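J.: Residue numbers (the numbering used here), protein chains in the order written: chain W, 5 to 101; chain V, 5 to 101. Even for Gly, the Cβ is constructed at its ideal location relative to N, Cα and C. Since we're looking at a predicted model, the values are computed, not measured. Below is the structure I would like to discuss, written out as structure tokens.
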């Protein structure tokens, strides 16, 4: 199991309509096959500069890559992510054994 | 529900005994009351500089603060975390509604 997440900050003002629309589009990615436990999250620690997170899990690397290459994900990245996100960090976790 | 996590990099060499000992001590924090879904994780994305993560959940802010102030956690931070961790980022997520 791989838990993929991204923590990010938008260029939009907090609480703006643009912010809500972006998160709505991000949330729609949850319909891509292979995704488990999709969550759209609010980041509330004052110890980092980010405001949101998206977290999801994949059973294996193949499903993760299928998501990465899925047309809906590629479109989202090109049309919205690259234009509207100010800064981000991608994190991939697997169990520590 | 608050999901508290920290992503970090140790001063120790990868695969060293010191690394294993540190993670064992970190894992022991899971016995502190109020913690749910405690996980010790390996960070595998090449897109950031961190190697490990610890993730846990709290039902509410009070339980989170009880953990923060618990003697076992305070001791761990003073004796091990501050000495053995090279860099880290704390993240607190709540559901986006």
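From which residue to which residue does the alpha helix (DSSP H) around residue 76 of chain V run?
T.: 75-80
J.: Comparing the C-beta of residue 90 of chain W with each C-beta of chain V, is any distance below 8 Å?
T.: no
J.: Restricting to Cα atoms, I'd like to know which of W:39, W:11, W:18 and W:16 is closest to residue 70 of chain W.
T.: For residue 70 of chain W, the nearest C-alpha among the options comes from W:39.
J.: If you count every other CB in all the chains shown that lies within 10 Å of the CB of residue 24 of chain W, and 16 or more means buried, which is it?
T.: exposed
J.: Just mark residue 83 of chain W as buried or exposed, buried being the case when its beta carbon has 16 or more other beta carbons within 10 Å.
T.: Classification of residue 83 of chain W: exposed, given that the 10 Å Cβ count is below 16.
J.: Taking just the CA atoms, how far does residue 75 of chain W sit from residue 66 of chain V?
T.: 43 Å
J.: Alpha carbon to alpha carbon, how far is residue 48 of chain W from residue 93 of chain W? Give it in angstroms, no decimals.
T.: 16 Å
J.: Measuring alpha carbon to alpha carbon, tell me which residue in W:30, W:31, W:86 and W:55 is nearest residue 18 of chain W.
T.: W:55
J.: CB-CB under 6 Å to residue 10 of chain W, same chain, minus the five flanking residues each way: which ones, in chain order?
T.: Around residue 10 of chain W, the same chain offers 58, 92 and 94 as residues with beta carbons nearer than 6 Å, after the five sequence neighbours per side are excluded.
J.: Residues of chain V with a CB under 7 Å from the CB of residue 93 of chain W: which are they?
T.: Within chain V, the residues placing a beta-carbon under 7 Å from that of residue 93 of chain W are 52, ordered along the chain.
J.: 8 Å is my cut-off, CB to CB: does residue 86 of chain V come that close to chain W?
T.: no
J.: Which class does residue 46 of chain W belong to by DSSP, given the choice of helix, strand or coil?
T.: Strand, per DSSP.
J.: Got a sec? Which residues, its chain only, sit under 8 Å from residue 13 of chain W by beta carbon, not counting five neighbours each side?
T.: 53, 54, 55, 56, 89, 90, 91 and 92
J.: Could you run through the stretch 23-47 of chain V and flag, in chain order, every residue whose CB is less than 8 Å away from some CB of chain W?
T.: 27, 43, 44, 45, 46 and 47
J.: Residues of chain W with CB closer than 8 Å to the CB of residue 19 of chain V, please, in chain order.
T.: Here the premise fails: no neighbours, minimum Cβ distance about 12 Å.
J.: Determine the direct distance from the alpha carbon of residue 33 of chain V to that of residue 73 of chain V, and round the result to whole angstroms.
T.: 12 Å
J.: Chain V partners of residue 12 of chain W, CB-CB under 7 Å?
T.: None at all; the shortest Cβ gap to chain V is about 11 Å.
J.: Can the beta-carbon of residue 80 of chain W be found less than 8 Å from the beta-carbon of residue 15 of chain W?
T.: No, the Cβ-Cβ distance between residue 80 of chain W and residue 15 of chain W is not below 8 Å.
J.: Measure the C-alpha to C-alpha separation of residue 43 of chain V and residue 100 of chain V and round it to an integer number of angstroms.
T.: Their backbone Cα atoms lie some 22 Å apart in a straight line.
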